[in-house]
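In the numbering used here, the protein residues as written are 542 to 637.
The C-beta atom is built at its ideal place from N, Cα and C for all residues, glycine as well.
Heads up: the structure comes next, in structure tokens.
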Amino acid sequence: MKFLKKMTGINGAKYKLMPTSPEVSLENISEKAKKIVEEFGGNNKEYSIEPIAFGLKAVIVFFFYPDDKSTEELIAKFEGIEDVSSAELIDMRKIA
């Protein structure tokens, strides 16, 4: 966790990406989300798949980012991923 020691202010953000249907490849959505987070400068990224209802699952994206960055543009970028119907910020915390 060298990354955490180098930064003066650290935030954590968690997003839920909802697919357009249960048949969509969640792995493809995760891979595209990883690229967006990397371009943003996020670190210590975690991706998981969470069951929602009726066979529908969501991709959960969690990462740390520096205090001096704003996550406002990320919703639009996540929603721009093919086969994503919506993206929602579900948790944001000041870590250090």
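In the structure shown, what three-state DSSP assignment does residue i receive?
i: I577; result: helix
i: K610; result: coil
i: A637; result: coil
i: A617; result: helix
Using DSSP bridges, identify the partner residues of residue i.
i: V625; result: P560
i: I551; result: P607
Hey, residue i and residue j: beta-carbon distance below 9 angstroms or not?
i: F595; j: P563; result: yes
i: F603; j: K575; result: no
i: L630; j: V600; result: no
i: P607; j: G553; result: no
i: P560; j: D632; result: no
Next on the checklist: Which runs of the beta strand (DSSP E) at least 3 residues long sit entirely within the stretch 581 to 608? Give them in chain order.
Outcome noted: Listed in chain order, the beta strand (DSSP E) runs fully inside the stretch 581 to 608 are 584 to 594, 597 to 607, counting runs of at least 3 residues.
Checklist entry - So does the stretch 560 to 570 actually touch the stretch 607 to 618, counting three or more Cβ pairs closer than 8 angstroms? => result Taking 8 angstroms as the limit for Cβ pairs, the verdict is that the stretch 607 to 618 does not touch the stretch 560 to 570.
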